[in-house]
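To keep things clear, I will list the structure first and then write my remarks on it.
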Amino acid sequence: MSPLPAAPSVARPSAGPVRASRRCRPPGPKPCCHLAVAVAAADAGMTVEALLSHSRSTAPVALARQLAMYLAHVGLGLPQAAVAAAFGRDRSTVAHACRRIEELRDAAAFDQKVGRLEACLRWAAEA
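Quick note on the UniProt record's numbering: the sequence shown kicks off at 1 and runs consecutively.
And the structure:
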C-alpha cells in the first residue's frame, strides 16, 4: 500500500489570535432603534427628541430613555454596543438601563406594560 498524500498546508498570517473586533463587522447600515424610541416616547407622552437628548434629564425622561434602550436591546435583539451608539451613550449605560428596567419589572403592573410594549415593538419590526 502506498502512503496517503500529505494534506496541503494552508499558510496563515501570523497576526496573533483571531479576535472579534469592530473592524470585522460586515459593512452596512447601523442597526436602528428609532422604533423602540418612538414606542417608549409615545408611552411616556414625551417627544422623541427628549429621549435622544444628550444632556442629563429629569427622572421621567431618564426612565423613558432607559425603557427605550431596554426595548431596543431585548425587544429588537440589538447588541448593547449598537444601542449605545444609536443613543450616543456608552455601552455600560445601556447595561445599567437594562438592569434598572429588569428590577422595575418585579412590579406586576410595570411588567405587564413592558410586556405589551415588547409585543407591539416585535409586531411592528416584523412588518
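Beta carbons are placed, not taken as given, at the ideal position from N, Cα and C, and that holds for glycine.
In the three-state scheme derived from DSSP, where H, G and I count as helix and E and B as strand, Leu78 is classed as coil. In this structure, Val83 sits near Cys33, with a CB-CB distance shorter than 8 Å.
For Ala119, the number of other beta carbons within 10 angstroms of its own is below 16, and it is reported as exposed. In the structure shown, the three-state DSSP call for Met46 is coil. Around the Cβ of Arg65, a 10 Å sphere holds 16 or more other Cβ atoms; the residue is buried. For Ala72, there is no enclosing alpha helix (DSSP H), as DSSP marks it with neither H nor E. Asp111: member of the alpha helix (DSSP H) spanning Ala108 to Glu126, first to last residue.
With 16 or more neighbouring CB atoms inside 10 Å of its own CB, Ala72 falls in the buried class. Non-local C-beta neighbours of Ala41 in its own chain, meaning closer than 8 Å and more than five positions away in sequence, comprise Thr47, Val48, Ala50, Leu51, Ala64 and Ala68, ordered along the chain.
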